[in-house]
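A short write-up of the structure that comes next.
Residue numbers (the working numbering): 4 to 532.
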């Protein structure tokens, strides 16, 4: 009887044939339940005949509850109301076969009206494969998020370890390099001076190693930043060449540089990082050249209104590099062969760091070499030009800061817990014409600032009782409460990791000096205030 009624409905809207032959599973239902279906629907629910489904409510063919915990009957009644309100309504659902096996479907309900009665036609689409893909994607996403969290945690542990290692190594190195710097400024005979120079050179080699490791870690973590500051290319090259002349002379090598006449001198860029690249390349060339020469050639590749593209070439007459190994030279911890490290030393990170720094500055780096004849390491940088007015102003400040040799006449509070560093800094300050008052922790620094009249504070960041960050915050808070003069505070820190400068400035410090400190860097920091 129900099928006869349905047939009349479908024939009246000319859908009976479409209904029966549709490959999509179709149901028709009214308020009493299911009144008809096609063969595709029977197959879909694994029913043997119409009698198994006709007259049943749709929630009878569903699990008692949907995955979100909603009772199937309640959810179906809600979806039916929406279908009547909107004429058509689509939603995801979990049905089950006649054997009770649940499976996901996409249901489209369409509202029909015939002979003043309301009906719903349901079309089903199996989305089992899609759900499996979604579940697999969710599982993969969860795994990726878990691995990302683990990687972040590992990176944080690594960063903290490197920060601690930096502090622990730089603190005693400050004593070694600082004291040798002071000794070299005193009256020494030739033999004594040579011994101190060897001591200082060894200290700087050790410092270079830790700097390489820290720089590599920063680059690997994506935390290396390139500065944009006034840059004097001629001066940079001259100072780099001068710094390496002793090493070249000790090996009997001729070290020279030549800058083409069409290459400008005054740019904006990262002086320290370009200097680091040139030092790495020239230092390597000197290290691997037994006789002959090492020279630096700088030429212009392109001129624009505001930029100039410059090519740097480091040319040596050294041992050369086999062609098959040249491509691996810029990989981390890679040298030509295992004997290289034993014979010449080094971390194997210099070229990797140079490559990454060049890339961070938007340039390219490479090498041309003939085994037994020598090598040419080259890189290009697109440098931003500076106008002449800016050059004059900047040069005046630089000359005053770096070449002034008169006494600074400052009363300086030094907050430093390490007794060796206390001695080093106080002696340096005395050489600079400053009076030093020493305290051993942050709390004493806060009390001293409140009671004394100081021109500047040199603040170690890692101290017992109270660290330098908290001490600075308390000093700044006290100044605000008392409407007092803001005293300049310079951070002296053995932590050279990325973000340390920003942390110091955020707490209220005015400048940042990384240990080990030399008299020149200390003068520059004090003179700039």
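Note that CB positions come from ideal geometry on N, CA and C, so glycine has one too.
In the same chain as residue 68, and ignoring 5 residues on each side of it, the C-beta atoms closer than 7 Å to its own belong to 74 and 75, in chain order.
Residue 204 and residue 247 have their C-alpha atoms spaced approximately 12 Å apart. Each of 353, 416, 426 and 319 was checked against the Cα of residue 373, and the nearest Cα belongs to 319. If you check the CB distance, residue 99 and residue 64 come in under 8 Å. Measuring C-alpha to C-alpha distances from residue 309 to each of 388, 19 and 523 identifies 388 as the nearest. Annotation for residue 272: the continuous beta strand (DSSP E) segment containing it runs 269 to 272. Under the 8 Å Cβ criterion, the segment 261 to 277 counts as touching the segment 233 to 248, having at least three qualifying pairs.
Among the bridge pairs identified by DSSP, residue 414 is matched with 438. In this chain, the beta strand (DSSP E) harbouring residue 298 covers 296 to 306. For residue 317 against residue 304, the beta-carbon gap comes to about 16 Å, at or over 8 Å, which does not count as contact.
The Cβ atoms of residue 190 and residue 522 do not sit closer than 8 Å to each other.
About 5 Å separates the beta carbon of residue 491 from that of residue 532, a gap short enough to meet the 8 Å contact definition.
Residue range 459 to 463 is occupied by the beta strand (DSSP E) that includes residue 459.
Three or more beta-carbon pairs separated by less than 8 Å link the segment 106 to 120 to the segment 74 to 89, which places the two stretches in contact. Residue range 503 to 509 is occupied by the alpha helix (DSSP H) that includes residue 504. Following the DSSP letters along the chain, one finds residue 230 in no beta strand (DSSP E), marked with neither H nor E. By the Cβ-count criterion, residue 463 is buried, with 16 or more other Cβ atoms from all chains shown falling within 10 Å of its own Cβ.
Relative to residue 390, the option among 503, 514 and 270 whose CA is nearest is 270. In this structure, residue 363 sits away from residue 212, with a CB-CB distance that is not shorter than 8 Å. Contact check for residue 32 against residue 66 fails: the beta carbons are separated by 8 Å or more. Each residue's CA atom was taken as its position, placing residue 376 and residue 206 some 33 Å apart. Following the DSSP letters along the chain, one finds residue 200 inside the alpha helix (DSSP H) bounded by residues 193 to 223. Restricting attention to 227, 127 and 57, the CA atom closest to the CA of residue 28 is found in 127. Closest option to residue 505, judged by alpha-carbon separation, among 261, 489 and 472: 472. Around the beta-carbon of residue 378, 16 or more other beta-carbon atoms lie within 10 Å, marking it buried.
A Cβ-Cβ distance of about 6 Å is found for the pair residue 382 and residue 366, placing them in contact under the 8 Å criterion. In the three-state reduction of the DSSP assignment, residue 353 falls in the helix class, which pools H, G and I. DSSP places residue 129 inside the beta strand (DSSP E), whose first and last residues are 120 to 129. DSSP places residue 115 in the uninterrupted beta strand (DSSP E) bounded by 105 to 117.
No Cβ-Cβ contact shorter than 8 Å links residue 386 with residue 411. Contact check for residue 414 and residue 457: beta-carbon distance about 5 Å, within the 8 Å limit, so the pair qualifies. Counting every other CB atom within 10 Å of its CB across the protein chains shown gives residue 520 a total of 16 or more, marking it as buried.
Considered as a whole, the segment 61 to 100 harbours 91 to 99 as its complete beta strand (DSSP E) runs of no fewer than 3 residues, in chain order.
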